[in-house]
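Take UniProt numbering: the final residue in the sequence shown is number 780, and no numbers are missing along the way.
We put the beta carbon where it would ideally sit given N, CA and C, even for glycine.
Structure first, then comments.
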Amino acid sequence: AKAARKNSYHYYTKALRDQALKRMGLLSDLRTAIDEGQLFIEYQPIVDIQTKSIVKAEALIRWHHPSRGRIAPDEFIGIAEEFGLISEISNWVFAQVCTKVKRWRRHFGQFLQISVNTSPKQYADSDTCITHWLQYLLDTNTPANAIVLEITENLLMEGDDRISEKLFQFRQAGIDIALDDFGTGYSSISYLKKYPTDLIKIDRSFVNSMTEVSNDKVLCEAIIVMAKKLGISVVAEGIETKEQHYILSQMGCDFGQGYLYSRPVDAESFEGLLIAQHRQ
Ligand code: C2E
Ligand code: CA
Ligand code: CA
Ligand code: CA
501 AKAARKNSYH YYTKALRDQA LKRMGLLSDL RTAIDEGQLF IEYQPIVDIQ
551 TKSIVKAEAL IRWHHPSRGR IAPDEFIGIA EEFGLISEIS NWVFAQVCTK
601 VKRWRRHFGQ FLQISVNTSP KQYADSDTCI THWLQYLLDT NTPANAIVLE
651 ITENLLMEGD DRISEKLFQF RQAGIDIALD DFGTGYSSIS YLKKYPTDLI
701 KIDRSFVNSM TEVSNDKVLC EAIIVMAKKL GISVVAEGIE TKEQHYILSQ
751 MGCDFGQGYL YSRPVDAESF EGLLIAQHRQ
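In structure tokens form, the structure reads like this:
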């Protein structure tokens with residue numbers, strides 16, 4: 501038993517070391533990824549759950565690494581945050597989204613909104629990229645109401661008053677604020693009291709188990725009812741089956757996002773979806 505423990509200890513440190521090395525490797529590669537055009541954005545449609553037509557999309561970052569292939573955002577966003585690269589990456593995402601949403605609104609209608617994920621670190625310092633975004637909208641003539649900023653509860657947990665100040669500022673400018681992964685944090689409801697919120701995104705874990713775990717169905721419904729009373733719209737994330745779609749539409753959920761409607765796709769394909777919808 502002792503030998504086994506010693507062995508597993510050895511294995512553990514090696515695994516940790518490998519992980520650290522991998523992270524350092526990714527970090528140095530990430531530094532050049534932006535300049536060398538390895539990053540790109542996919543857009544995942546968000547549909548009006550009653551009509552199934554595309555009314556929004558979420559911008560999701562992608563990294564095509566020259567030798568490792570695709571690297572998931574969960575693998576590198578954390579590294580970017582830790583080593584101070586997140587602002588540069590986020591600025592890049594934001595600029596891309598502004599360009600695209602202007603184009604798509606011009607061709608397909610003024611209703612379209614694109615949501616951008618934001619990271620805690622961006623709100624923490626007083627003069628990071630977030631503050632410049634409003635100016636960027638003005639400079640590039642991008643309508644603020646075309647943009648939704650997604651924030652997570654974990655961001656708000658680090659919360660101080662400067663964060664809510666910024667959120668109010670954005671909202672005043674016309675940007676919508678969406679609370680992402682709703683229900684997974686410790687005190688989702690109290691955040692609704694404290695922070696301005698236009699949209700709630702019900703976490704995919706609830707939607708996922710909705711048809712098996714009856715409690716999760718009840719929770720989904722309760723979130724929708726509560727949001728309605730507060731005048732907040734609801735997006736259900738991770739809808740994969742017709743059954744989930746049907747139940748959520750019966751509950752009065754406003755919007756749906758998930759593989760049932762579409763996987764995240766590149767800008768060109770997303771535009772194709774908009775064209776097809778426009779022709780109907
Ligand atoms: P998220 O914000 O919760 O994004 C939704 C994730 O769910 C995406 O994963 C999406 O591909 C996935 N998804 C959508 N529909 C379904 C479905 O029906 N089933 C399943 N199983 N999954 C679905 P992705 O693209 O891997 O992104 C992971 C996380 O990385 C995001 O979670 C977000 O927190 C972060 N992220 C992505 N892009 C950015 C970015 O530009 N900036 C920042 N700060 N974070 C980002
Ligand atoms: Ca999100
Ligand atoms: Ca989410
Ligand atoms: Ca997330």
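- Enclosing beta strand (DSSP E) for GLN613 [first to last residue]: Segment 613-617, the beta strand (DSSP E) holding GLN613.
- Contact under 9 Å by Cβ, ILE732 with LEU760: In this structure, ILE732 lies away from LEU760, with their beta-carbon atoms at least 9 Å apart.
- Item | Chain-order list of residues whose beta-carbon lies under 6 Å from that of ILE723 (same chain, five-residue window excluded) | Closer than 6 Å at Cβ, skipping near neighbours: ILE702.
- Jot down the residue ranges of each uninterrupted alpha helix (DSSP H) in the region 652-681, minimum 4 residues, whole runs only, in chain order. Counting only runs of 4 or more, we get 653-657 and 661-673.
- For ASN645, which residues from the same chain have a beta carbon less than 8 Å from its beta carbon, with the 5 sequence-adjacent residues on both sides left out? Once the five neighbours on either side are set aside, the close Cβ partners of ASN645 are GLN613, GLY674, ILE675 and ASP676.
- Message: Just to confirm before moving on: does the CB-CB distance between ASN617 and ILE663 stay below 9 Å?
- Response: No, they are not a contact pair.
- For SER690, is the classification buried or exposed, using 16 other Cβ atoms within 10 angstroms of its Cβ as the cut-off for buried? Its Cβ having fewer than 16 others within 10 Å, SER690 is exposed.
- Select from SER619, PHE583, VAL707 and GLU665 the residue whose C-alpha is nearest the C-alpha of ASP524. According to the sequence displayed, residue 524 carries Met and not Asp. When only C-alpha atoms are compared, the closest one is PHE583.
- Residues bridged to LEU539 by DSSP? DSSP lists TRP563 as the beta-bridge partner residues of LEU539.
- C-alpha gap between ALA776 and GLY609, whole angstroms: Rounded to whole angstroms, ALA776 to GLY609 spans 14 Å at the Cα level.
- Whose C-alpha, out of GLN750, ASP698, ARG704 and HIS565, is nearest the C-alpha of GLN550? Selected option, being the one with the closest Cα: GLN750.
- Query: For ALA767, which option in GLN669, GLN596, ALA678 and LYS693 has the closest C-alpha, if you only look at C-alpha atoms?
  - Reply: The option with the nearest alpha carbon to ALA767 is GLN596.
- Can you list, in chain order, every residue whose CB sits closer than 5 Å to a heavy atom of ligand 2? Taken from the N-terminal end onward, the list reads ASN617, GLU650 and ASP680.
- Which term fits TYR746, buried or exposed, when burial requires 16 or more other beta carbons within 10 angstroms of its beta carbon? Its Cβ having fewer than 16 others within 10 Å, TYR746 is exposed.
- Message: Considering Cα atoms alone, identify which of GLY683, ARG606, CYS629 and ILE541 is closest to SER615.
- Response: When only C-alpha atoms are compared, the closest one is ILE541.
- Item | Distance, LYS666 Cα to GLY569 Cα | Pairing GLY569 with LYS666, the inter-Cα distance amounts to about 37 Å.
- Task: Decide if VAL713 is buried, meaning its Cβ has at least 16 other Cβ atoms within 10 Å, or exposed.
- Result: VAL713 sits exposed, since fewer than 16 C-beta atoms from the chains shown fall within 10 Å of its C-beta.
- Query: From the DSSP output, which residues share a beta bridge with LYS556?
  - Reply: In the DSSP output, where bridge partners are listed per residue, LYS556 has ILE546 and GLN613.
- Task: Compute the beta-carbon to beta-carbon distance between ALA557 and PRO545, rounded to the nearest angstrom, for a pair I have assumed lies under 8 Å.
- Result: That pair is a contact at about 5 Å.
- Task: Would you mind working out which of GLN744, SER528, PHE670 and ILE700 sits nearest VAL734, comparing C-alpha positions?
- Result: Minimum Cα-Cα distance from VAL734 among the listed residues GLN744, SER528, PHE670 and ILE700 corresponds to ILE700.
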